[in-house]
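Novice:
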Amino acid sequence: MSSSPSAQNLFARAAADAVARITGVAADFKVEAPPRPELGDFAVGCFAAAKALKQAPPAVAAKVAAEFQPTELLSAATATGPFVNFRANRAAGFRWLIDATLGGGALVPQTVGAGQTVCIDFSSPNISKHLAYHHIRSTVIGHALVNLNRAIGARVIGINHLGDWGTTHGMVMAAYKKWGAPEPLDVTAINDLYVRFREAMKADPTVEQEGRVWFKKLEDGDAEARALWQRFRDISWAEFESAYQMMDITFDEVRGESAYEPELPGVLAMLRDKGLVSESEGAQVAVLPDEKNPVLLVTRDGTTLYATRDVAAAMYRWNTYGFTRSLYVVDRGQGLHFKQLFKLLALAGYEWSSRCEHVPFGLVRIAGKKTGTRTGNITLLKAVFAEAIDEVAPMMRANAAKIDAQISDAEIERTATMVGVGAIVFANLLPQREKDVDFDLEKVTSLSGDSGPYLQYSHARCVSIQRKGGVPIEHATLTPEVLARLGNDHEWAVARRLLDFGEIVARAAAASEPHLLCHYMLELAGDFSRWYTAGNEDAGLRVLCEDLELRRARVALVGAVQATLKQGLGILGLGAPDVM
Ligand code: ARG
1 MSSSPSAQNL
11 FARAAADAVA
21 RITGVAADFK
31 VEAPPRPELG
41 DFAVGCFAAA
51 KALKQAPPAV
61 AAKVAAEFQP
71 TELLSAATAT
81 GPFVNFRANR
91 AAGFRWLIDA
101 TLGGGALVPQ
111 TVGAGQTVCI
121 DFSSPNISKH
131 LAYHHIRSTV
141 IGHALVNLNR
151 AIGARVIGIN
161 HLGDWGTTHG
171 MVMAAYKKWG
181 APEPLDVTAI
191 NDLYVRFREA
201 MKADPTVEQE
211 GRVWFKKLED
221 GDAEARALWQ
231 RFRDISWAEF
241 ESAYQMMDIT
251 FDEVRGESAY
261 EPELPGVLAM
271 LRDKGLVSES
281 EGAQVAVLPD
291 EKNPVLLVTR
301 DGTTLYATRD
311 VAAAMYRWNT
321 YGFTRSLYVV
331 DRGQGLHFKQ
341 LFKLLALAGY
351 EWSSRCEHVP
361 FGLVRIAGKK
371 TGTRTGNITL
381 LKAVFAEAID
391 EVAPMMRANA
401 AKIDAQISDA
411 EIERTATMVG
421 VGAIVFANLL
431 PQREKDVDFD
441 LEKVTSLSGD
451 SGPYLQYSHA
461 RCVSIQRKGG
471 VPIEHATLTP
481 EVLARLGNDH
491 EWAVARRLLD
501 FGEIVARAAA
511 ASEPHLLCHY
521 MLELAGDFSR
531 WYTAGNEDAG
541 LRVLCEDLEL
551 RRARVALVGA
561 VQATLKQGLG
571 ILGLGAPDVM
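Just so we're aligned: the sequence shown equals residues 1 to 580 in my numbering.
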């Protein structure tokens with residue numbers, strides 16, 4: 001999906017408009033950053049215009065550059081081959097940024113997502129198990145997508161489609177009845193029951209039947225089965241919730257597969273009426289054109305399946321929310337399931353099935369020496385968080401000792417948690433979604449490098465500079481005279497980067513690609529750091545300079561960076577510590 005032009009900043013749009021106006025061609029001109037900043041701030045390719053005018057693109061670009069008259073937003077235009085490179089009026093750029101970040105404006109245009117309703121199914125773990133790798137990544141990516149879509153002004157419903165129904169739950173119950181209640185009865189113990197049951201099944205195939213019987217009891221509403229199931233579900237949810245709390249994640253709707261149980265007869269009747277259900281070896285299936293395997297809807301035993309419940313859930317979401325988009329953040333191993341689900345819905349005549357999207361992702365694993373927290377392919381998320389927190393805590397303590405401010409142990413601990421958790425969250429978001437990645441705990445927790453802690457550290461540094469600056473940067477005090485003091489290339493590089501924030505957020509939301517924002521954030525932090533450290537070599541560039549008016553302008557720009565880092569970190573699901 002391409003980003004809508006309204007996601008572009010004012011200046012980029014002005015550049016595109018200038019090309020349209022001068023050439024007389026109304027096209028959706030793409031605006032990019034020129035390959036080198038010396039060339040200008042916004043490059044517009046003249047290809048579409050050249051085609052319409054039946055001229056060579058460089059000739060069109062030359063004409064645009066020659067006829068361009070400076071405006072309030074753009075100060076100059078030069079042609080480079082088929083591109084016109086526009087220069088922003090820097091004073092106007094700084095003004096706009098300061099207003100957007102410190103003056104109650106917004107770097108992200110809310111108009112982009114206004115009127116949209118986006119359902120996002122994410123995390124959605126199975127009860128009676130720990131969160132596995134793929135749920136961790138779903139949780140982190142889904143949370144970022146919720147925030148990205150909210151940031152552009154969409155109405156978002158974050159949904160946890162808890163896996164709380166199905167034959168495995170019958171097995172857990174049968175095992176519990178067979179071997180008694182483990183002590184303590186936690187998720188690990190419940191999962192052990194399941195594993196033990198599977199093993200017993202291997203040794204004696206008749207055991208399986210006991211599981212089926214218990215699931216049938218559950219589906220038939222047997223009181224004992226319901227009560228046991230409820231207990232397993234509550235224990236599991238408490239476990240999941242403690243992990244969600246660490247990541248500051250909440251859901252707008254926690255609706256497990258079990259919630260769709262009452263609707264399934266109706267769903268099946270509807271599919272049958274539309275001639276979509278056929279019988280196969282005693283089971284009921286939906287045969288789809290061009291699909292090798294049918295969708296299994298009801299087993300031989302008469303129990304319903306994952307796919308059946310997903311049909312019901314999709315319909316529920318449509319009927320309840322009337323979504324513009326309905327996203328499923330689920331590992332790519334379920335690609336076929338979603339392809340068939342959406343196909344089946346389309347065959348049933350639901351046009352809105354085209355609004356449903358599977359957002360697949362690859363695996364992220366933790367490489368390196370520390371493997372103590374892994375059992376099989378399950379990573380105990382909280383144990384990973386604990387390791388990451390342990391890894392960063394000494395740095396936090398050392399840094400706190402360097403700062404004169406009084407920082408309590410509790411505060412250091414809070415920050416270490418924020419940074420340790422942030423490190424893991426960021427490591428899950430940074431690689432392009434569909435890539436498999438092994439990450440190294442030391443690297444992802446390092447304060448220097450492409451890490452969450454690096455971004456958090458940059459944020460804390462911005463806060464500290466403002467504190468040390470000791471100059472007022474309230475928006476009202478940032479008069480045109482003050483802002484006019486800004487303008488060197490280092491300052492402008494930072495400002496130019498900030499101007500892109502809104503478009504990056506909109507693009508990441510449209511493509512469901514949080515890594516775009518991750519990369520942007522690293523670049524912003526890099527530009528900021530280059531600017532700040534340049535002051536060490538060249539006193540004229542120093543942020544905390546003697547000239548108090550200039551200092552005020554520069555510290556205000558630091559404030560704009562801080563506000564943007566904070567917003568970006570928040571969207572990605574990371575905390576932004578003030579001291580680190
Ligand atoms: N519970 C499933 C699993 O653990 C994921 C559910 C995803 N959402 C959905 N509507 N199917 O694999």
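Beta carbons are placed, not taken as given, at the ideal position from N, Cα and C, and that holds for glycine.
Which residues share a DSSP beta bridge with residue 32?
Specialist: Answer is 43.
Novice: Take residue 349 as the anchor and find which of 543, 506, 315 and 321 has the nearest alpha-carbon.
Specialist: For residue 349, the nearest C-alpha among the options comes from 315.
Novice: Contact between the stretch 505–524 and the stretch 567–574 is defined here as three or more beta-carbon pairs at a separation below 8 Å; is this criterion met?
Specialist: The stretch 505–524, when compared against the stretch 567–574, does touch it at the 8 Å Cβ threshold.
Novice: So, with DSSP's three-state summary, where would you put residue 297?
Specialist: Residue 297: strand per DSSP, three-state reduction.
Novice: Taking its Cβ as the centre, do 16 or more other Cβ atoms sit within 10 Å of residue 497, making it buried, or is it exposed?
Specialist: When all chains shown are included, residue 497 counts as buried.
Novice: What number of angstroms, rounded off, separates the C-alpha of residue 235 from the C-alpha of residue 242?
Specialist: Straight-line Cα distance between these residues: approximately 11 Å.
Novice: Identify the continuous alpha helix (DSSP H) that holds residue 477 and give its terminal residues.
Specialist: No alpha helix (DSSP H) contains residue 477, which DSSP labels as neither H nor E.
Novice: Would you identify the three-state DSSP class for residue 571, choosing helix, strand or coil?
Specialist: Helix.
Novice: Specify which residues have a beta carbon nearer than 6 Å to any heavy atom of the ligand ARG, listing them in chain order.
Specialist: That gives 121, 124, 125, 126, 161, 163, 310, 313, 328 and 330.
Novice: For residue 74, report the span of its beta strand (DSSP E) as first-last.
Specialist: Counting along the chain, the beta strand (DSSP E) containing residue 74 begins and ends at 74–80.
Novice: Measure the CB-CB distance between residue 246 and residue 421 and report whether it falls below 7 Å.
Specialist: Cβ atoms of residue 246 and residue 421: closer than 7 Å.
Novice: Please classify residue 439: does DSSP put it in a helix, a strand, or coil?
Specialist: It is a strand residue.
Novice: If the criterion is Cβ atoms closer than 7 Å, does the pair residue 130 and residue 213 meet it?
Specialist: Not closer than 7 Å, so no.
Novice: Near residue 321, which residues of its chain fall below 7 Å by C-beta distance, leaving aside the five closest residues on each side in sequence?
Specialist: Cβ within range, chain order: 117, 119 and 157.
Novice: Please give the ranges of any beta strand (DSSP E) in the stretch 318–398, keeping only runs that are unbroken, at least 3 residues long and fully inside the region.
Specialist: Runs found: 325–329, 356–359 and 364–367.
Novice: Roughly how far, in whole angstroms, is the beta-carbon of residue 173 from the beta-carbon of residue 225, given that I think they are within contact range, below 8 Å?
Specialist: With a Cβ gap of about 6 Å, residue 173 and residue 225 count as contacting.
Novice: Pull up the distance between the alpha-carbon of residue 584 and that of residue 240, whole angstroms please.
Specialist: Nothing about residue 584 can be reported from this structure: the residues present for the chain run from 1 to 580 only.
Novice: DSSP puts residue 426 in a beta bridge; with which residues?
Specialist: Residue 426 pairs with nothing; no bridge assigned.
Novice: Examine the Cβ distances between the stretch 497–510 and the stretch 100–118 and report whether three or more of them are shorter than 8 Å.
Specialist: Counting Cβ pairs under 8 Å, three or more are found: they touch.
Novice: Residue 74 to residue 93, Cα distance in whole Å?
Specialist: One C-alpha to the other measures close to 9 Å.
Novice: Going by beta carbon distance, what residues of the same chain come within less than 8 Å of residue 432, once the five residues before and after it are set aside?
Specialist: Taken in chain order, the residues that qualify are 513 and 515.
Novice: Classify residue 326: buried if its beta carbon has 16 or more other beta carbons within 10 angstroms, exposed otherwise.
Specialist: With 16 or more other Cβ atoms within 10 Å, it is buried.
Novice: Does the beta-carbon of residue 577 have 16 or more other beta-carbons within 10 angstroms, so that it is buried, or is it exposed?
Specialist: Label assigned to residue 577: buried.
Novice: Helix, strand or coil for residue 236 per DSSP?
Specialist: Helix at residue 236.
Novice: Does residue 484 come out as helix, strand or coil in the three-state DSSP assignment?
Specialist: Coil at residue 484, not helix or strand.
Novice: Tell me whether residue 336, by its Cβ, gets closer than 6 Å to a heavy atom of the ligand MN.
Specialist: Ligands present in the displayed structure are limited to the ligand ARG, and the ligand MN is not among them.
Novice: In angstroms with no decimal places, state the Cα-to-Cα distance between residue 15 and residue 468.
Specialist: Computed Cα separation, rounded: 38 Å.
Novice: In whole angstroms, give me the CA-to-CA distance for residue 142 and residue 447.
Specialist: Taking the straight line joining both Cα atoms gives about 25 Å.
Novice: Would you mind reading off the limits of the beta strand (DSSP E) that contains residue 583?
Specialist: Because the chain spans 1 through 580 in this model, residue 583 falls outside it and cannot be assessed.
Novice: For residue 55, does the three-state DSSP call read helix, strand or coil?
Specialist: Correct three-state label for residue 55: coil.
Novice: Helix, strand or coil: which one does DSSP assign to residue 5?
Specialist: Annotation note: pLDDT 43 at residue 5 (below 50); position unreliable, coordinate value reported separately. Helix, per DSSP.
Novice: Going by C-alpha distance, which of 196, 90, 510 and 146 is nearest residue 168?
Specialist: The shortest C-alpha separation from residue 168 is found at 196.
Novice: Let me check one thing: in DSSP terms, what residues is residue 284 bridge-paired to?
Specialist: Paired residue(s): 279 and 298.
Novice: Keeping to the same chain, check which residues put their C-beta closer than 8 Å to that of residue 101; ignore five residues upstream and five downstream.
Specialist: If we look at residue 101 and ignore the five residues flanking it on each side, its Cβ neighbours are 107, 498, 559, 560, 563 and 564.
Novice: Quick one: is residue 445 buried, meaning 16 or more other Cβ sit within 10 Å of its Cβ, or exposed?
Specialist: Buried is the call here.
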